[in-house]
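In mature numbering (1 follows the signal peptide of the UniProt record, and there is no 0), the protein residues as written are -21 to -1, 1 to 243.
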């Protein structure tokens, strides 16, 4: 009798897994590079748990939101809340963060010309992103490094026109975020997002200064349409993403990245 009950339980467990596997797969958009790697890993773990997940990679920061808004994707993971707010305002969308789960992609100051912040010469060139939000983050990092002083009270709306002290007479160069790592052959230093750094084969340990601040504005989180954020398939995958195996993958395979969700 005990064997019969055990056999029934095993059969039921297998039946439950097959039902989940037969569900419509949840489709997640990501940007190519480290974020794609961790979502692909989580998708593999989800498959072991009986859920199909399709990961769709993009090379820009606009199309993933458009695909979610049109319903081609169930969600995406590539952006922080500050960026999402700007995109919603600009494009008339109303996308929302799904859950307080995600990861922090730090930014850092890197250089191939100097080995320390003290060695930055007068008249040095400093490259930052050419879009307002991350450009502001770059300026704040330069201020944290003691290289410039910004007008107070501007927050993430600060621009290079708000530099009130520039003792090194830095030449601020604004470039596409994806080009900042490559610009290190030409500029003295640059703010580079570790997403691009790792994808290009760079070493995060060579940073002159790294900002790993767990500021809620800068946590990359899953984003979906309001009417899809509670989709059981999406919620199940988000729970899988919180698994210890995913945390370990981030910490061992993505140097500098930080898992960010309650309990980690």
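For each residue, glycine too, the CB sits at the ideal point set by N, CA and C.
6 Å CB neighbourhood of residue i in its chain, flanking five on each side removed
| i | result |
| --- | --- |
| residue 168 | 88, 90 and 105 |
| residue 173 | 84, 85, 183 and 235 |
| residue 213 | 5, 53 and 54 |
| residue 200 | 76 and 81 |
| residue 25 | 32, 216 and 219 |
| residue 197 | 59 |
Cross-strand partners of residue i (DSSP beta bridge)
| i | result |
| --- | --- |
| residue 244 | Residue 244 cannot be examined here, being either before or after the span of the chain that is shown, -21 to 243. |
| residue 150 | 104 |
| residue 190 | 86 |
| residue 129 | 142 |
| residue 10 | 37 |
| residue 201 | 56 |
| residue 238 | 82 |
Short Cβ contact (8 Å threshold) for residue i with residue j
| i | j | result |
| --- | --- | --- |
| residue 86 | residue 190 | yes |
| residue 188 | residue 124 | yes |
| residue 149 | residue 103 | yes |
| residue 44 | residue 74 | yes |
| residue 127 | residue 170 | no |
| residue 147 | residue 99 | yes |
| residue 276 | residue 153 | Shown here, the chain extends from -21 to 243; a query on residue 276 therefore has no answer. |
| residue 135 | residue 61 | yes |
| residue 207 | residue 48 | no |
| residue 22 | residue 225 | no |
| residue 30 | residue 232 | no |
Span of the beta strand (DSSP E), counted from its first residue to its last, around residue i
| i | result |
| --- | --- |
| residue 144 | 142 to 144 |
| residue 211 | Run containing residue 211: none in the beta strand (DSSP E); it sits in the alpha helix (DSSP H), 211 to 220. |
Whole-angstrom C-beta distance between residue j and residue i, which should lie under 8 Å
| i | j | result |
| --- | --- | --- |
| residue 12 | residue 177 | 6 Å |
| residue 229 | residue 241 | The Cβ separation is near 15 Å, so there is no contact. |
| residue 34 | residue 19 | 5 Å |
Same chain, Cβ closer than 8 Å to residue i, five either side skipped, listed in chain order
| i | result |
| --- | --- |
| residue 129 | 118, 119, 122, 137, 141, 142 and 143 |
| residue 38 | 10 and 11 |
| residue 56 | 7, 8, 9, 14, 18, 81, 199, 200, 201 and 202 |
| residue 95 | 187 |
Residue i, enclosing alpha helix (DSSP H) - first and last residue
| i | result |
| --- | --- |
| residue 224 | 223 to 232 |
| residue 159 | Here residue 159 belongs to no alpha helix (DSSP H), and DSSP marks it neither H nor E. |
| residue 173 | 173 to 178 |
| residue 43 | 42 to 49 |
Cβ-based neighbour list, residue i, same chain, cut-off 7 Å, excluding 5 preceding and 5 following
| i | result |
| --- | --- |
| residue 160 | 171, 175, 176, 179 and 181 |
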